[in-house]
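Okay, structure first, notes after.
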Amino acid sequence: MKIYVKYFANIRDLIGKDSERIDIGKGMTAKEIWNLITNGSKMPQNILVAVNHEYVNIEHVLKDGDELAFFPPVTGG
Amino acid sequence: MKIEIIKEQFDPWEMLVDYKKNQLQNDAKIGASSIFLGTMRDFNDDKDIKSMELEHYPGMTEKYLTKLVDDSIQKFKIIDGLVIHRVGLLKPTDPIVLVATWSEHRDNAFNATREIMESLKSEAPFWKKESTNTGFKWVKPKGQSEDVVDES
Chain A
60 MKIYVKYFAN
70 IRDLIGKDSE
80 RIDIGKGMTA
90 KEIWNLITNG
100 SKMPQNILVA
110 VNHEYVNIEH
120 VLKDGDELAF
130 FPPVTGG
Chain B
1379 MKIEIIKEQF
1389 DPWEMLVDYK
1399 KNQLQNDAKI
1409 GASSIFLGTM
1419 RDFNDDKDIK
1429 SMELEHYPGM
1439 TEKYLTKLVD
1449 DSIQKFKIID
1459 GLVIHRVGLL
1469 KPTDPIVLVA
1479 TWSEHRDNAF
1489 NATREIMESL
1499 KSEAPFWKKE
1509 STNTGFKWVK
1519 PKGQSEDVVD
1529 ES
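For the protein sequence lines, the chains are A and B, in the order given.
The opening position of the first sequence corresponds to residue 60 in my numbering, with each subsequent residue numbered one higher.
The opening position of the second sequence corresponds to residue 1379 in my numbering, with each subsequent residue numbered one higher.
Here it is, written out as structure tokens:
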């Protein structure tokens, strides 16, 4: 399965890129994908996760073609 | 309804007059207009701020703001709502965010504007990066300590 992953703000700085397309195994969660991308680096506790532009929790299971995003707490307004 | 993420400096008052005249067509059922305008300060946490970069998540941010205003129309029975938010490079005094709601009576508009603004601050995907005399710094939400890692 292929998914598209986006990174914003200081998470983008941490990962070193703003987006990428990756192959994942069936049934993988957002947290497992983070571990795959970062070679097991610890996930910032306050990280936010979205799939297809909706907030999800880190145990959300990804499907083929999903857009996954990792970003820090928001600071707009 | 109007939701706009805008890359250039904007005049909030001109936008309001224009929207009221052209979109609301000076609807005579409107008895209350409630407006919040957020502008950029030249300080934060006792540090001088020279400029600020504002970033958003294209697609998700617009979707979130649209739902926010839709929900307010249902919940507070407002006639209409508008949210304009800047992104890109901002200088002190620049408008950051404009929230306006219109309703028959003042309570509805006051409450809707407040709730839209509070939800925007806590959940809409925008991020600020400030430029100070000591360099650039990502802004953290008020009350949040340094990043901690998940030990699980």
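The beta-carbon is built from N, C-alpha and C at its ideal position, and this holds for glycine as well.
Computed from a predicted model, the values in this text were never measured in an experiment.
- Note that the C-beta distance between His-112 (chain A) and Met-1379 (chain B) is not below 9 Å.
- Only exposed fits Arg-80 (chain A), as fewer than 16 other CB atoms lie within 10 angstroms of its CB.
- Boundaries of the alpha helix (DSSP H) harbouring Ile-70 (chain A): 68-74, taken from the DSSP string.
- For Trp-1480 (chain B), no chain A residue has a C-beta closer than 7 Å to its own C-beta; the minimum C-beta separation is roughly 20 Å.
- Nearest neighbour of Tyr-63 (chain A) by Cα position, chosen from A:Val-133, A:Leu-121 and A:Pro-131, turns out to be A:Leu-121.
- The region 1476-1495 of chain B and the region 1448-1458 of chain B touch, with three or more beta-carbon pairs separated by less than 8 Å.
- In its chain, beyond the 5 residues on either side, no residue has a beta carbon closer than 6 Å to the beta carbon of Lys-1520 (chain B).
- Against chain A, a Cβ distance below 8 Å from Phe-1504 (chain B) picks out Val-133, Thr-134, Gly-135 and Gly-136.
- Within chain A, Gly-135 and Gly-136 have C-beta atoms less than 7 Å from the C-beta of Leu-1498 (chain B), given in sequence order.
- Measuring C-alpha to C-alpha distances from Leu-1415 (chain B) to each of B:Ile-1427, B:Gln-1401, B:Leu-1394 and B:Asn-1422 identifies B:Leu-1394 as the nearest.
- The Cβ of Ala-128 (chain A) sits closer than 9 Å to at least one Cβ of chain B.
- Across the structure, His-1483 (chain B) and Lys-65 (chain A) are spaced so that their CA atoms are roughly 43 Å apart.
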